[in-house]
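Counting with full-length UniProt numbering, you get residues 1 to 172 for the letters of the sequence shown.
A virtual CB, placed ideally from N, CA and C, is assigned to each residue, including glycine.
For clarity, every value in this text was computed on a predicted model and none was experimentally measured.
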Amino acid sequence: MPQAGPTCCSYHPRLRITCTRTSRPATSSSLPRRTGTTQAAFEAQAVQEVARNEGDLMDAAPLDEQASSTGLPAAAVRANVAEAAGILCADGVVRVDGAMAAPSAHALLQFVNANLEDSLSLVRDGKKFESQLFGSVLSRANRFDLLLPCAPLVKAALAEALTPLAGVISSA
(Lines of atoms letter the chains of each structure in order from A; the text may use other names.)
(Lines give C-alpha, C1' and ligand atoms only; values in the text may rest on other atoms or scores of the structure.)
Protein backbone atom coordinates (compact mmCIF):
# COMPACT_ATOMS: atom_id res chain seq x y z
CA MET A 1 0.00 0.00 0.00
CA PRO A 2 1.54 3.36 -1.02
CA GLN A 3 2.05 5.80 1.78
CA ALA A 4 0.81 9.36 1.56
CA GLY A 5 3.37 12.11 1.14
CA PRO A 6 4.45 14.40 3.94
CA THR A 7 2.03 16.81 5.53
CA CYS A 8 3.01 20.48 5.66
CA CYS A 9 1.18 22.58 8.22
CA SER A 10 1.41 26.24 8.98
CA TYR A 11 -0.20 27.87 11.98
CA HIS A 12 -0.84 31.48 12.68
CA PRO A 13 -2.83 32.25 15.84
CA ARG A 14 -4.64 35.25 14.42
CA LEU A 15 -5.61 33.78 11.07
CA ARG A 16 -6.04 30.05 10.52
CA ILE A 17 -4.43 26.64 10.36
CA THR A 18 -3.62 25.46 6.86
CA CYS A 19 -2.63 21.87 6.22
CA THR A 20 -1.89 20.32 2.88
CA ARG A 21 -0.84 16.80 2.03
CA THR A 22 1.11 16.06 -1.09
CA SER A 23 -1.00 13.92 -3.39
CA ARG A 24 1.92 12.04 -4.89
CA PRO A 25 2.58 8.70 -3.16
CA ALA A 26 5.89 8.57 -1.37
CA THR A 27 8.58 6.52 -3.06
CA SER A 28 11.27 4.64 -1.22
CA SER A 29 13.77 7.30 -2.26
CA SER A 30 11.60 10.11 -0.85
CA LEU A 31 11.16 8.47 2.55
CA PRO A 32 13.70 9.17 5.28
CA ARG A 33 16.10 6.39 6.19
CA ARG A 34 15.52 4.91 9.61
CA THR A 35 19.17 5.27 10.58
CA GLY A 36 19.26 8.35 12.78
CA THR A 37 17.08 10.59 10.61
CA THR A 38 15.79 13.46 12.69
CA GLN A 39 12.46 15.22 12.36
CA ALA A 40 14.31 18.31 11.10
CA ALA A 41 15.93 16.26 8.32
CA PHE A 42 12.54 14.82 7.36
CA GLU A 43 11.03 18.32 7.26
CA ALA A 44 13.94 19.62 5.19
CA GLN A 45 13.39 16.77 2.74
CA ALA A 46 9.68 17.64 2.53
CA VAL A 47 10.56 21.29 1.86
CA GLN A 48 12.91 20.20 -0.93
CA GLU A 49 10.10 18.16 -2.50
CA VAL A 50 7.72 21.13 -2.32
CA ALA A 51 10.40 23.36 -3.86
CA ARG A 52 10.93 20.89 -6.72
CA ASN A 53 7.18 20.71 -7.33
CA GLU A 54 6.89 24.52 -7.26
CA GLY A 55 9.81 24.80 -9.67
CA ASP A 56 8.15 22.32 -12.04
CA LEU A 57 4.93 24.35 -11.94
CA MET A 58 6.78 27.61 -12.57
CA ASP A 59 8.63 26.07 -15.53
CA ALA A 60 5.35 24.89 -17.05
CA ALA A 61 3.46 28.16 -16.45
CA PRO A 62 2.82 30.37 -19.45
CA LEU A 63 4.75 33.62 -19.40
CA ASP A 64 3.04 36.57 -20.96
CA GLU A 65 5.03 39.66 -20.09
CA GLN A 66 2.31 41.90 -21.49
CA ALA A 67 -0.39 40.30 -19.32
CA SER A 68 -0.16 42.79 -16.47
CA SER A 69 1.79 45.64 -18.02
CA THR A 70 -1.31 47.78 -18.54
CA GLY A 71 -3.72 48.33 -15.71
CA LEU A 72 -7.39 49.19 -15.85
CA PRO A 73 -8.61 52.14 -13.76
CA ALA A 74 -10.68 51.05 -10.75
CA ALA A 75 -13.53 53.37 -11.76
CA ALA A 76 -13.73 51.74 -15.20
CA VAL A 77 -13.71 48.28 -13.63
CA ARG A 78 -16.57 49.25 -11.30
CA ALA A 79 -18.58 50.56 -14.25
CA ASN A 80 -17.95 47.56 -16.53
CA VAL A 81 -16.53 44.38 -15.02
CA ALA A 82 -16.70 42.39 -18.28
CA GLU A 83 -13.37 43.65 -19.67
CA ALA A 84 -11.45 42.98 -16.46
CA ALA A 85 -13.13 39.57 -16.00
CA GLY A 86 -12.21 38.66 -19.58
CA ILE A 87 -8.57 39.62 -19.01
CA LEU A 88 -8.52 37.67 -15.74
CA CYS A 89 -9.88 34.55 -17.45
CA ALA A 90 -7.56 34.86 -20.45
CA ASP A 91 -4.31 35.81 -18.68
CA GLY A 92 -4.87 34.61 -15.13
CA VAL A 93 -4.06 38.11 -13.86
CA VAL A 94 -5.55 41.56 -14.16
CA ARG A 95 -4.06 44.74 -12.77
CA VAL A 96 -6.52 47.27 -11.39
CA ASP A 97 -4.96 50.69 -10.90
CA GLY A 98 -6.29 52.80 -8.05
CA ALA A 99 -8.07 49.97 -6.23
CA MET A 100 -6.90 51.65 -3.03
CA ALA A 101 -6.53 55.33 -2.31
CA ALA A 102 -2.92 56.49 -2.03
CA PRO A 103 -3.13 57.28 1.73
CA SER A 104 -4.52 53.79 2.43
CA ALA A 105 -1.82 52.13 0.34
CA HIS A 106 0.90 54.18 2.06
CA ALA A 107 -0.41 53.33 5.54
CA LEU A 108 -0.62 49.63 4.64
CA LEU A 109 2.92 49.66 3.21
CA GLN A 110 4.27 51.21 6.42
CA PHE A 111 2.39 48.62 8.50
CA VAL A 112 3.72 45.72 6.41
CA ASN A 113 7.31 46.99 6.46
CA ALA A 114 7.22 47.52 10.24
CA ASN A 115 5.66 44.08 10.73
CA LEU A 116 8.33 42.52 8.50
CA GLU A 117 11.16 44.10 10.49
CA ASP A 118 9.58 43.04 13.80
CA SER A 119 9.02 39.49 12.56
CA LEU A 120 12.57 39.14 11.23
CA SER A 121 13.89 40.38 14.58
CA LEU A 122 11.74 37.93 16.56
CA VAL A 123 12.99 35.02 14.46
CA ARG A 124 16.62 36.21 14.56
CA ASP A 125 16.45 36.54 18.37
CA GLY A 126 14.91 33.07 18.72
CA LYS A 127 11.69 34.38 20.28
CA LYS A 128 9.48 32.96 17.51
CA PHE A 129 9.80 30.17 14.98
CA GLU A 130 9.97 31.23 11.34
CA SER A 131 6.91 29.08 10.60
CA GLN A 132 4.88 31.15 13.09
CA LEU A 133 5.43 34.39 11.19
CA PHE A 134 6.21 33.44 7.59
CA GLY A 135 4.86 31.09 4.95
CA SER A 136 7.14 28.88 2.87
CA VAL A 137 8.78 30.75 0.00
CA LEU A 138 11.62 29.89 -2.34
CA SER A 139 14.44 32.46 -2.58
CA ARG A 140 13.77 33.82 0.92
CA ALA A 141 16.65 36.31 0.53
CA ASN A 142 14.47 38.57 -1.62
CA ARG A 143 10.88 37.48 -0.93
CA PHE A 144 8.82 36.91 2.17
CA ASP A 145 5.38 35.43 2.72
CA LEU A 146 4.64 37.50 5.81
CA LEU A 147 1.61 36.43 7.83
CA LEU A 148 -0.19 39.60 8.83
CA PRO A 149 -2.47 39.95 11.83
CA CYS A 150 -6.10 40.79 11.11
CA ALA A 151 -5.54 44.29 12.41
CA PRO A 152 -8.15 46.98 11.67
CA LEU A 153 -5.78 48.63 9.17
CA VAL A 154 -5.33 45.35 7.24
CA LYS A 155 -9.08 44.62 7.20
CA ALA A 156 -9.89 48.14 6.03
CA ALA A 157 -7.27 47.96 3.26
CA LEU A 158 -8.59 44.60 2.07
CA ALA A 159 -12.16 45.86 2.05
CA GLU A 160 -11.12 48.93 0.08
CA ALA A 161 -9.06 46.97 -2.45
CA LEU A 162 -11.67 44.26 -2.92
CA THR A 163 -14.53 46.68 -3.58
CA PRO A 164 -13.68 47.22 -7.27
CA LEU A 165 -12.62 43.58 -7.65
CA ALA A 166 -15.75 41.89 -6.27
CA GLY A 167 -17.59 42.02 -9.59
CA VAL A 168 -14.52 40.88 -11.52
CA ILE A 169 -14.00 37.84 -9.32
CA SER A 170 -17.65 36.80 -9.34
CA SER A 171 -17.85 37.26 -13.14
CA ALA A 172 -14.64 35.38 -13.99
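Kindly identify the DSSP beta-bridge partner or partners of residue i.
i      : result
Phe134 : Leu146
Leu72  : Val96
So residue i packs on residue j, CB below 8 Å; how close in whole Å?
i      : j      : result
Phe129 : Asp145 : No, Phe129 and Asp145 are not in contact; Cβ-Cβ is about 14 Å, not under 8 Å.
Cys89  : Ala172 : 5 Å
Asp97  : Leu72  : 7 Å
Is residue i a contact residue of the ligand PLP, with contact defined as CB to any heavy atom under 7 Å?
i     : result
Asp97 : This structure simply doesn't include the ligand PLP, nor any ligand for that matter.
Do you know whose CA, among the options, lies nearest residue i's CA?
i           : options                          : result
Leu158      : Thr38, Asn80, Leu108 and Lys127  : Leu108
Ala74       : Arg95, Cys89 and Glu54           : Arg95
Val47       : Ile169, Ala161 and Ser136        : Ser136
Asn148      : Ser170, Ala82 and Val112         : The sequence shown places Leu at residue 148, not Asn. Comparing Cα-Cα distances from Leu148 to each of Ser170, Ala82 and Val112, the minimum goes to Val112.
residue 173 : Ala41, Glu83, Cys150 and Gln45   : No answer is possible for residue 173: the residues shown for the chain start at 1 and end at 172.
residue 174 : Ala79, Arg143, Leu116 and Glu117 : Residue 174 is absent from the structure shown; the chain starts at 1 and stops at 172.
Arg143      : Leu116, Ala40 and Thr38          : Leu116
Leu153      : Asn53, Ala105, Glu49 and Glu43   : Ala105
Thr163      : Gln132, Phe42, Ile87 and Ala76   : Ala76
Thr70       : Glu43, Val93 and Ala44           : Val93
Ser170      : Asn53, Phe42 and Val81           : Val81
Glu43       : Ala85, Ser131, Leu120 and Ala114 : Ser131
Between the segment 117-129 and the segment 89-104, can you find at least three pairs of beta-carbon atoms closer than 8 Å? At 8 Å Cβ cutoff, the stretches do not touch.
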